[in-house]
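Numbering (this note's numbering), first residue to last: 36 to 159. Written below as structure tokens is the structure these notes are about.
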């Protein structure tokens with residue numbers, strides 16, 4: 036799966052700019068003026084255990100029945116959510132909201148994107 040192809044498909048018609056690769060890994064960011072950025076990283080090496088080890092404050096939840104971890108916004112307007120793909124694979128969604136009046140919408144935006152992404156991810 037290509038992160039930009041998947042992310043652009045998930046936000047089609049919502050006014051986001053085309054996806055931009057920010058790193059050498061399978062990661063993509065889409066942005067929209069006055070809103071912020073949605074990001075998707077598809078990691079074939081690290082699973083949720085590694086994510087939990089990096090950030091022990093993450094909370095467990097389920098997205099469409101799939102194991103997931105979500106963080107409290109570390110920085111105002113940012114929220115990270117990891118979805119299990121396998122023991123050593125995950126999808127990581129990040130929402131960054133730029134308007135201080137809408138910072139509280141970062142985690143709901145990440146969860147909404149993760150909910151739409153989940154059916155596209157492979158099962159174990």
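Glycine included, each C-beta is placed from N, C-alpha and C at the ideal position.
Just to confirm, is the Cβ distance from residue 125 to residue 83 under 7 Å?
yes
If you reduce the DSSP assignment to three classes, tell me which class residue 151 lands in.
helix
Residue 90 (DSSP reduced to helix, strand or coil)
coil
Take the Cβ of residue 123 as the centre, count every other Cβ of all protein chains shown within 10 Å, and call the residue buried at 16 or more, exposed below.
exposed
Ordered list of beta strand (DSSP E) runs contained in the segment 49-122, each at least 3 residues
62-67, 71-78, 94-98, 101-105, 113-121
Note the first and the last residue of the continuous alpha helix (DSSP H) segment covering residue 42.
38-45
When you compare the CB positions of residue 132 and residue 140, do they come within less than 7 Å of one another, or not?
yes
Across the segment 147-154 and the segment 110-120, are there enough close Cβ pairs to call them in contact, namely three or more that are closer than 8 Å?
yes
So, is residue 37 buried or exposed, given that buried needs 16 or more other C-beta atoms within 10 angstroms?
exposed
Span of the beta strand (DSSP E) holding residue 126?
124-132
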